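S.K.: One structure, pasted below without further comment.
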Amino acid sequence: MSVTWRSILAAIALCTTEVSLKADEQPLVRGTVTWKDGHRSALAADELKRSVLEGRWPDYPVRARLSKLRGSGVYEIQFDSSGAAIQVRVVKSAIHRVLDEEAVDTFKRWRVRPGTIARIEVPVTWKLNPF
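Counting in our numbering, the sequence shown runs from 594 upward without gaps.
Right under this line is the structure:
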């Protein structure tokens, strides 16, 4: 299933980001990428946009939302040479298991451009938006 950048932005705006988005803005993602050639760099939204072929942002689980659970976590995704996610590790827990499980399950389905990214650390924040 291929997901467009706009659908990722929509998911982020609805439930999982600490950044308030306007319709034409990209999210500010602060993370670290280890590229296939071994160098590391900060993650920028435009690099993520170019590299991710399939994937969505973690949802805010209904159970967590109803319980008003909040948290921030950091997740490391490892990719094989074909670009498929092969492992997701919790670097920093969001404290609540339901939030960590949502992130891990979601990131396991990511696919990046083959031969580009070896590993990426992605921060995710869940908080209730005041609508």
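Glycine included, every Cβ here is placed at the ideal spot set by N, Cα and C.
All values derive from a computational prediction rather than experimental measurement.
1. Assign A635 to buried or exposed, taking buried as 16 or more other Cβ atoms, counted over all protein chains shown, within 10 Å of its Cβ.
2. Distance cutoff 7 Å, beta carbons only. Does R643 sit that close to anything in chain D?
3. Compare the Cα-Cα distances from Y668 to each of T625, K720, S660, K629 and report the closest residue.
4. Which residue from R706, A677, F700 puts its Cα closest to that of V683?
5. Count the other CB atoms, across all protein chains shown, that sit within 10 Å of the CB of V645; report buried if there are 16 or more and exposed otherwise.
6. Which same chain residues end up closer than 7 Å to R706 when comparing Cβ atoms and leaving out the 5 residues on each side of it in sequence?
M.R.: According to the structure data:
1. The residue labelled residue 635 in the question sits at position 42 within the sequence shown. So A635 counts as exposed.
2. Reference to chain D is not applicable here, since this structure consists of a single protein chain.
3. For the purposes of this step, residue 668 is taken as residue 75 along the sequence shown, with counting starting at 1. Among T625, K720, S660, K629, the Cα nearest to that of Y668 is on T625.
4. Counted from its first residue, the sequence shown places residue 683 at position 90. Ranking R706, A677, F700 by Cα distance to V683 puts F700 first.
5. Here residue 645 refers to the residue found at position 52 when the sequence shown is read from its first residue. V645 comes out buried.
6. Sequence index remark: in the sequence shown, residue 706 carries index 113 (1-based). Hits under 7 Å: S644, L646, G676.
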